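J.: Here the protein sequences line up with chains D and L, keeping their order.
According to our numbering, the first sequence is numbered sequentially starting from 4.
According to our numbering, the second sequence is numbered sequentially starting from 4.
Using N, Cα and C, we set each Cβ at its ideal position, and we do this for glycine too.
Because the structure is a prediction, the values reported are computed rather than measured.
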Amino acid sequence: MASTLINVVRDGGTRSCGFEGPDFMSSIEIVDKENRTKTFPLGFKIAPDTLLPIRTETPSQTPEKEPRALASGYGIFTRDLDQRSKPRQPSDEYLRIMRRHFVGLILNALDQVEPHCGSTSAALYINQVLNGTKEMENKSPDDPFLRILYAFFDALAFKDRWIDFTADQYNVARRILSHYSEQIHLRTGDIAKAIIKLEEAGFDTIPFELDEPEEAYREDG
Amino acid sequence: MNQKRLTGKMDKDNKLKPFLDTSVARPVLVGTSLYRQHLKDCFGDSSLYVSPFIQMEFTRGFICHLLDFYFLLDIPTIETIGDAFTLWSDRFSSRELKSVLQMISQLIDARGLSFSDPKDKEKGLKAVSQIVERLVIKWNNTFKLVGQNSTRCQRALLSLKIGKVLSNRENFRDFLTTFNDLKSCSKQCKAYQFLFADNAQNVKALVKHASTFSNRTSAENSGFIRIAKKLERILQKGQDISCKECGSLGDAIIALDGPPGMRLEHTDYSFDHLCNLIGYPHQRHPSQMAFLPNTAKM
Numbered sequence: 004m005a006s007t008l009i010n011v012v013r014d015g016g017t018r019s020c021g022f023e024g025p026d027f028m029s030s031i032e033i034v035d036k037e038n039r040t041k042t043f044p045l046g047f048k049i050a051p052d053t054l055l056p057i058r059t060e061t062p063s064q065t066p067e068k069e070p071r072a073l074a075s076g077y078g079i080f081t082r083d084l085d086q087r088s089k090p091r092q093p094s095d096e097y098l099r100i101m102r103r104h105f106v107g108l109i110l111n112a113l114d115q116v117e118p119h120c121g122s123t124s125a126a127l128y129i130n131q132v133l134n135g136t137k138e139m140e141n142k143s144p145d146d147p148f149l150r151i152l153y154a155f156f157d158a159l160a161f162k163d164r165w166i167d168f169t170a171d172q173y174n175v176a177r178r179i180l181s182h183y184s185e186q187i188h189l190r191t192g193d194i195a196k197a198i199i200k201l202e203e204a205g206f207d208t209i210p211f212e213l214d215e216p217e218e219a220y221r222e223d224g
Numbered sequence: 004m005n006q007k008r009l010t011g012k013m014d015k016d017n018k019l020k021p022f023l024d025t026s027v028a029r030p031v032l033v034g035t036s037l038y039r040q041h042l043k044d045c046f047g048d049s050s051l052y053v054s055p056f057i058q059m060e061f062t063r064g065f066i067c068h069l070l071d072f073y074f075l076l077d078i079p080t081i082e083t084i085g086d087a088f089t090l091w092s093d094r095f096s097s098r099e100l101k102s103v104l105q106m107i108s109q110l111i112d113a114r115g116l117s118f119s120d121p122k123d124k125e126k127g128l129k130a131v132s133q134i135v136e137r138l139v140i141k142w143n144n145t146f147k148l149v150g151q152n153s154t155r156c157q158r159a160l161l162s163l164k165i166g167k168v169l170s171n172r173e174n175f176r177d178f179l180t181t182f183n184d185l186k187s188c189s190k191q192c193k194a195y196q197f198l199f200a201d202n203a204q205n206v207k208a209l210v211k212h213a214s215t216f217s218n219r220t221s222a223e224n225s226g227f228i229r230i231a232k233k234l235e236r237i238l239q240k241g242q243d244i245s246c247k248e249c250g251s252l253g254d255a256i257i258a259l260d261g262p263p264g265m266r267l268e269h270t271d272y273s274f275d276h277l278c279n280l281i282g283y284p285h286q287r288h289p290s291q292m293a294f295l296p297n298t299a300k301m
C-alpha cells in the first residue's frame, strides 16, 4: 500500500485537517507520540494536542519523520510538496476489478442487443449500456477507459441515435470496447485509436450540432 | 438550394483538392446533421486539407472558448453547471456564448447531468474535457495539414497536447497560457512581410477594388470592404500586425496563402472577391443557415 505521511504542525486552536482521500477511503488513522493509533473519519477536526504524525498505514511500515515547523500558521505537509495538489490514484487492482465488473455488464448488453436492433426492445439493453457507463463513472471515476466509453455513450444517447445503429455496428463496437478494456494503463494514443475506430464504425462521437453563423470564429480586430 | 450549380462546378474543377476554410471545416465536425450531409455529398471520399492558420482559427474560435468555459466551471465558487452557464451568459458576447452554450447544453443533456446539483460539477468538467479531447482527435483524423504557414504564425503551430489520465487540467492550462502569449507569437510573426512585401501587388489591387463598390453595406460586399479597409490602415501605419488585427485579416491571409493545386471551399462572400482578384480557385457553399428550418432562422 502506498504511504502518505502527513506532518501536522500546531500553533494552537483547532483546525480542520483538510486531507482528502479517495472516495473509497472512509477513515484515516492517526498515531500519536506514544504510538497509540486512533481512527477518525475523513473531514475530522484535530485538536492541537493530538497528533503526530498521520499515516494511512501501520506505523511499523513507515519510518518516523520529524514534523517540519512553519514560521507562522498551521501547516500540513506531505513528503513531496509537488504531490500535495495531485489527486490520489486508485490502485490498479481497484481499476481492474471495477472495470471487469462494469465492462462485463456493458459487453453482455451489447451482445444481447444485436437481435433487437432497430426495434424498441433494444432500449432495454441500450439502457444497460448507458447506465453501466454512468455507474462505472460513479464507482471508478478515474478510470481512463471512461474516455472511450463516454465517446460511445454520447454517440448512442444524443437524440436517441442508438435506434439507428445496426447489429454489425454494435458488434464492432463490442469488439473495440472489449479490446481496449483489457489494457489497464491506456495511453492517450490508445484512446485516440479507439475513438477513431468507433468513428469508422459509424458512431459519431461528437454528434452535437452547432448552427451558429459562420462568422463566429472571426475576430473583430 | 443550389445543389445543381454546386455539383456542376465541383465536376468542372474536380482535379483540385478541397482546401477548407474554417467556415467549412468547422461544420464538417460540428455542424447540423443536414449540413454535414451536404458537405459529405460535395466532397465524397476526397481527402480534406486545412492549413495551420485555419487550424489556429478553429482553436481560437472554438477550442479556446470551450477551455475558457472549463476553467470557469472549475472555479471553486462556481458550485453547479448552471452557475457557470449563468456567469458565461452574463459575461461573454453572444457569438462566443452561443457556440459554447449550444455544445455544452447538448452534452449535459445527453449525459443526463443536472444543472443544479453540485455533485454533477465534477462530471461536467470531465465531460467538457472529453469533448475537447475528442474534437482534437477528430480534427487530426479528418483533415490533412498542408505545411504552408507563410505568416509564421506560432499559434498555428501549436497542437493541443492531451496528456495522460487526470492531467488534462494542467495540459489545458499550459496550452491556453502558450496560445494566449501573443507577445511571443508577434515576435515570430511575418504577416506584415507576407501581406505587404510578398503580396504587395495583390494587396494594392484588393484595396483599389474595394474602393470601386457602390453598394458598400450589402452582405456580399461588406466583409471584403472591411478587410480592405483594415489592410489600407495597416499599410498607412507601417507597423507590424498584432494578433488581434490578424484576426480580422484571416480571409485575406487564407486566400493569399492558398496552396497550389487546391480549391478553397468556403461560405464567405469575401472570398468571392479575394479569390477572383488573385485568381485562386474557390467554391462558395451555401451558408449553414440556408439548411435550417424556417423557424430556426427567425
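Looking at the C-beta of Arg154/D, does it have a partner C-beta in chain L at a distance below 9 Å?
T.: It is Ala, not Arg, that sits at residue 154/D in the sequence shown. Yes - at least one Cβ of chain L is within 9 Å of the one on Ala154/D.
J.: Opposite Arg219/L in the DSSP bridges: which residues?
T.: DSSP lists no partner for Arg219/L.
J.: Secondary structure at Pro21/L, three-state DSSP: helix, strand or coil?
T.: strand
J.: In the DSSP assignment, what residue or residues form a beta bridge with Met139/D?
T.: Under DSSP, Met139/D takes part in no beta bridge, so it has no partner.
J.: Just the Cα atoms here: how many angstroms apart are Pro262/L and Val149/L?
T.: 8 Å
J.: Restricting to runs no shorter than 4 residues, where is the alpha helix (DSSP H) found entirely within the stretch 159-202 of chain D?
T.: Segments of the alpha helix (DSSP H) lying fully in the stretch 159-202 of chain D: 170-184.
J.: So, with DSSP's three-state summary, where would you put Tyr283/L?
T.: coil
J.: For chain D, find out if any of its Cβ atoms is closer than 9 Å to the Cβ of Pro79/L; answer yes or no.
T.: no
J.: What residues in its chain sit with their C-beta under 7 Å from that of Lys141/L, if we drop five residues either side in the sequence?
T.: Leu32
J.: Which of the three DSSP states is assigned to Gly205/D in this structure?
T.: coil
J.: Does Glu136/L get closer than 9 Å to chain D when you measure Cβ to Cβ?
T.: yes
J.: Thinking C-beta only, is Leu100/L closer than 9 Å to Ser92/L?
T.: yes
J.: Please report the Cβ distance between Ala154/D and Thr208/D, rounded to the nearest whole angstrom; I am assuming they are in contact, meaning their Cβ atoms lie under 8 Å.
T.: For a cut-off of 8 Å, the C-beta gap from Ala154/D to Thr208/D is around 4 Å, short enough to register as a contact.
J.: Is Glu125/L close to chain D? Criterion is C-beta to C-beta, closer than 9 Å.
T.: yes
J.: Going by alpha carbons, who is nearest to Cys188/L out of Ser290/L, Arg176/L, Ala159/L, Ser251/L?
T.: Restricting attention to Ser290/L, Arg176/L, Ala159/L, Ser251/L, the CA atom closest to the CA of Cys188/L is found in Ala159/L.
J.: Check the DSSP bridge columns for His269/L and list the partner residues they point to.
T.: Bridge partners of His269/L: Arg287/L.
J.: Give me the chain D residues within the contact set of Gly34/L, using Cβ-Cβ distance strictly less than 9 Å, ordered along the chain.
T.: Glu212, Leu213, Asp214
J.: Please confirm if Ser49/L has its CB atom under 9 Å from at least one CB of chain D.
T.: It does not; no Cβ of chain D falls within 9 Å.
J.: Check for me: the alpha helix (DSSP H) holding Phe146/L runs from which residue to which?
T.: Counting along the chain, Phe146/L falls outside any alpha helix (DSSP H), though it belongs to the beta strand (DSSP E) covering 146-148.
J.: Please list, in chain order, the residues of the stretch 138-161 of chain L that have any C-beta partner in chain D closer than 7 Å.
T.: Taking 7 Å as the Cβ-Cβ cut-off, the stretch 138-161 of chain L approaches chain D at Leu138, Ile140, Lys141, Asn144, given in chain order.
J.: DSSP has Leu51/L in a bridge; who is on the other side?
T.: Phe146/L
J.: Could you check what DSSP says for Gln131/D in three-state terms: helix, strand or coil?
T.: helix
J.: Against chain L, which members of the stretch 159-174 of chain D pass a CB distance test of less than 7 Å?
T.: Those residues of the stretch 159-174 of chain D placed with their C-beta closer than 7 Å to a C-beta in chain L are Ala160, Phe161, ordered along the chain.
J.: Among Cys246/L, His212/L, His285/L, Leu277/L, which residue has its Cα nearest to the Cα of Gly264/L?
T.: His285/L
J.: Report the residue from Arg229/L, Ala200/L, Leu259/L whose alpha carbon sits nearest the alpha carbon of Ser214/L.
T.: Arg229/L
J.: With a Cβ-Cβ cutoff of 9 Å, do Asp24/L and His269/L count as a contact?
T.: Their beta carbons are under 9 Å apart, which means Asp24/L touches His269/L by this criterion.
J.: Is the Cβ-Cβ distance between Thr154/L and Cys249/L less than 9 Å?
T.: With contacts defined as CB atoms closer than 9 Å, Thr154/L and Cys249/L qualify as a contacting pair.
J.: Label Asp114/D either buried or exposed according to how many other C-beta atoms from any shown protein chain fall within 10 Å of its C-beta, with 16 as the threshold for buried.
T.: exposed
J.: Output yes if chain L places a C-beta closer than 9 Å to the C-beta of Lys137/D; else output no.
T.: yes
J.: Beta-carbon within less than 8 Å of Leu104/L's beta-carbon, same chain only, minus the 5 sequence neighbours each way: which residues are those?
T.: Phe88, Trp91, Ser92
J.: What's the call for His288/L, buried or exposed, on a 16-neighbour Cβ count within 10 Å?
T.: buried
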